[in-house]
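Numbering (the working numbering), first residue to last: 71 to 538.
Okay, here's the thing in structure tokens:
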């Protein structure tokens, strides 16, 4: 019976989400104007006296004045579009501290720097790691909660799915679809990037049942990026029907997880209340580029190809997930700092470079407004592969969500961290030397998917009074 209730709750929540999907991020306000046009036409008709007239003699004439007034009215409908959310994000990842001393998950800082070394023999996880667990949220939304006589900065939120992993045991993991959170923000700074201390209380119902009170120190958003420090205590259970309960000896798994956490989120946008009354077209932006994904097909100087044909023009691929290029307010705002959740190169069959949160410094130059731009850059990638990436992109803006680019560059680095880990698994039975170092140039074409390029006039640094 309880299981049917959970399914009914999930279906109801999903239907409610579908009904609200047209307004959960944008509020439309319509203003009806009546335009009145008043027009007065004066007509003067002069009638000369009949008959002949001698020159120099003024004869009296009749003059008729006719005045006509017309009034025309018409209705004009103006629609204005405003943001309708306090927070809207795609992905948040948190590395948890203090959740376990043994059998640790090993997800690393921010929960996205996984350990590549082999798990000790006879163990289910790692030991002695600072970040022992992880907390992940997908599809996050918060909306204004107007209670306590419209008290400031209250919000109610949810996410499509969240996971709180205490350690590397599945039955010690709490998770829920559409958990509910109520949050109060106390702002230290209401200037971008916003800084706040935010206590919240949340609960989940399926597949785990739990409560998760916590407090967060939040910085962001800036280019869709946010940093958060968490302190919280999650307590709950995994019932017998939960897919996370894999212990046949117990009907219900009780899980308690006190934690500290360091988190980062991508494509995660935060509004303060005054911004809810600023039209979308007038919103300031901090980045030259924010996107979901950039994918490129490459020609390289590799002696192997991705397929059987070594003479193929397509010998490699490049993928960036959640890229962001944040403008630096110096020298006409052209310089930017960039990063991405994931940055990966594959050159042929042997040369592979993978990176998490690389650091990119570039210069953005607009060639044709709203159409063409270039961005030379240098990028340092440090984990799990280590390499330097120097390149340039020629961007053609197709729409607000799609872009086409010609890319070129040079990549030089190594996979020593991967190679050392792989040797521990196969006991030196395989020669990894050809995979350890790589140095390649490339030329290719790239497409940005849900990838927006902003124009110079859209940057907040180019708007009057941006420092106020």
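Beta carbons are placed, not taken as given, at the ideal position from N, Cα and C, and that holds for glycine.
Below-8 angstroms beta-carbon distance, residue i vs any chain D residue
i	result
residue 420	Of the protein chains in this structure there is only one, and it is not chain D.
Terminal residues of the alpha helix (DSSP H) in which residue i lies
i	result
residue 504	503-506
residue 487	486-496
Three-way DSSP call (helix, strand, coil) for residue i in this model
i	result
residue 242	helix
residue 550	The requested residue 550 does not occur in the structure, where the chain is confined to residues 71 to 538.
residue 477	strand
residue 539	No answer is possible for residue 539: the residues shown for the chain start at 71 and end at 538.
residue 451	strand
residue 351	helix
residue 470	coil
residue 522	strand
residue 186	coil
residue 94	coil
residue 181	helix
residue 247	coil
residue 462	strand
residue 88	Summary for residue 88: the model assigns pLDDT 40, below 50, so the residue's position carries little reliability, and this model does not support an answer.
residue 527	helix
residue 99	strand
residue 387	strand
residue 315	coil
residue 402	helix
Length of the line joining the Cα atoms of residue i and residue j
i	j	result
residue 259	residue 265	5 angstroms
residue 527	residue 533	7 angstroms
residue 424	residue 451	8 angstroms
residue 406	residue 178	27 angstroms
residue 191	residue 172	13 angstroms
residue 222	residue 339	19 angstroms
residue 97	residue 347	10 angstroms
residue 95	residue 361	18 angstroms
residue 251	residue 356	28 angstroms
residue 314	residue 281	17 angstroms
residue 170	residue 278	20 angstroms
residue 409	residue 384	26 angstroms
residue 505	residue 324	45 angstroms
residue 148	residue 353	19 angstroms
residue 238	residue 194	7 angstroms
residue 429	residue 335	16 angstroms
residue 403	residue 513	28 angstroms
residue 518	residue 413	14 angstroms
residue 333	residue 229	16 angstroms
residue 388	residue 443	20 angstroms
residue 209	residue 337	10 angstroms
residue 483	residue 529	35 angstroms
residue 156	residue 142	44 angstroms
residue 166	residue 243	13 angstroms
residue 381	residue 418	11 angstroms
residue 91	residue 240	Note on residue 91: pLDDT 43, under 50, position unreliable in the model; no value is reported.
residue 399	residue 433	12 angstroms
residue 150	residue 234	40 angstroms
residue 331	residue 299	6 angstroms
residue 312	residue 471	38 angstroms
residue 509	residue 182	26 angstroms
residue 227	residue 457	40 angstroms
Where the beta strand (DSSP E) through residue i begins and ends
i	result
residue 196	Element bounds for residue 196: n/a, residue is neither H nor E.
residue 235	224-235
residue 172	Careful: residue 172 lies outside any beta strand (DSSP E) and carries neither H nor E.
residue 413	412-417
residue 265	265-274
residue 147	132-153
residue 207	201-214
residue 259	256-259
residue 409	405-409
residue 328	323-340
residue 424	421-426
residue 397	394-397
residue 32	This structure gives no information on residue 32, because the portion of the chain shown stretches from 71 to 538.
Buried versus exposed call for residue i [16 or more other C-beta atoms within 10 Å across all chains shown]
i	result
residue 174	buried
residue 393	buried
residue 85	At residue 85 the pLDDT is 45, less than 50, meaning the model places this residue with poor confidence; the figure from the coordinates comes in the next sentence. Flag for residue 85 reads exposed.
residue 440	exposed
residue 467	buried
residue 217	exposed
residue 247	buried
residue 416	buried
residue 364	buried
residue 351	exposed
residue 474	exposed
Beta bridge counterpart(s) of residue i as assigned by DSSP
i	result
residue 277	246
residue 108	141
residue 363	391, 519
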